[in-house]
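S.K.:
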Amino acid sequence: AGVAVVRMGAATEIEMKERKDRVEDALHAVRAAAAEGVVAGGGVALIRAGSALDSLSFDDERAHGLKVLRRAIEAPLRQIAENAGEEGSVIVEHVRNQSGNFGYNAATGVMSDLMEVGVLDPTKVVRVALTNAASVATMLLTTECAIVESSDEAN
266 AGVAVVRMGA ATEIEMKERK DRVEDALHAV RAAAAEGVVA GGGVALIRAG
316 SALDSLSFDD ERAHGLKVLR RAIEAPLRQI AENAGEEGSV IVEHVRNQSG
366 NFGYNAATGV MSDLMEVGVL DPTKVVRVAL TNAASVATML LTTECAIVES
416 SDEAN
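Under this note's numbering, the first residue of the sequence shown is numbered 266, with each subsequent residue one higher.
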């Protein structure tokens with residue numbers, strides 16, 4: 266393991282903090298990638314993992330849970346597409362109908378092999394995010410009540 270010194274400059278303290286945060290995020294991503302490897306980014310890995318759900322079918326309330334899980338797995342790609350000015354559901358459907366690492370590159374607005382163009386996510390990050398989301402969902406579903414703050418719009 267080597268040591269690197271990163272020197273940065275910025276016009277303002279706020280800009281310096283932003284740059285420092287970006288460098289730290291990149292460092293954590295590289296460490297996670299070194300630990301468990303990488304998968305195609307942009308939500309594609311979740312879409313491909315979601316295809317394993319296609320073989321499942323239930324007739325009871327578990328069918329509703331499966332529907333929610335399918336929608337949740339598509340959420341990252343849908344949001345990325347919408348943030349880029351695209352129709353999220355159209356992009357999700359297009360990616361779902363493809364295979365492998367094919368996905369939406371929001372930086373270019375082009376569909377391509379995301380591994381080839383360097384749009385990657387550390388496997389560990391995707392795995393931990395999915396595990397944590399399932400844990401929180403389970404906790405909320407098994408809780409008899411919850412207290413939430415209402416928004417100004419609801420009043």
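Quick reminder that beta carbons are idealized off the backbone N, C-alpha and C, glycines included. Note that the coordinates shown come from a computational prediction; the quantities given were computed from them, not determined experimentally.
1) Could you tell me whether the segment 373-387 touches the segment 302-318, using the rule of 3 or more Cβ pairs below 8 Å?
2) Inspect the beta-carbon positions of leucine 342 and valine 357 and report whether they are closer than 8 Å.
3) Judging by CA-CA distance, which residue of Thr388, Thr403 and Thr277 is the nearest neighbour of leucine 311?
4) From the DSSP secondary-structure annotation, give me the bridge partner or partners of methionine 376.
5) With H, G and I counted as helix, E and B as strand and the rest as coil, what does DSSP make of leucine 385?
6) Among the residues of its own chain, which have a CB less than 6 Å from the CB of methionine 281, if the five just before and after it don't count?
7) Taking the alpha carbon of serine 364 as the point to measure from, which residue in Arg327, Ala314 and Ser354 has its own alpha carbon closest?
8) Helix or strand or just coil, what does DSSP make of alanine 411?
9) Going by C-alpha distance, which of Gly350, Ala371, Ala349 and Met376 is nearest asparagine 362?
10) How many Å lie between serine 415 and valine 268 at the Cα?
11) Determine the contact status of valine 384 and asparagine 370, defining contact as a CB-CB distance below 8 Å.
12) Taking Cβ positions, are alanine 411 and leucine 405 nearer each other than 8 Å?
13) Please state whether DSSP places valine 303 in a helix, a strand or coil.
14) Check the C-beta distance from alanine 349 over to glycine 368 and give it rounded, since I have them as a contact under 8 Å.
M.R.: Concretely, from the data shown:
1) With the cut-off at 8 Å, the segment 373-387 and the segment 302-318 touch.
2) yes
3) The shortest Cα separation from leucine 311 among Thr388, Thr403 and Thr277 belongs to Thr388.
4) Answer is Tyr369.
5) strand
6) Ala275
7) Nearest of Arg327, Ala314 and Ser354 to serine 364, Cα basis: Ala314.
8) coil
9) Met376
10) In a straight line, the C-alpha of serine 415 is about 48 Å away from that of valine 268.
11) It is a contact, given that the beta carbons lie within the stated cut-off.
12) yes
13) The three-state secondary structure of valine 303, taken from DSSP, is strand.
14) About 12 Å separates the two Cβ atoms, so there is no contact after all.
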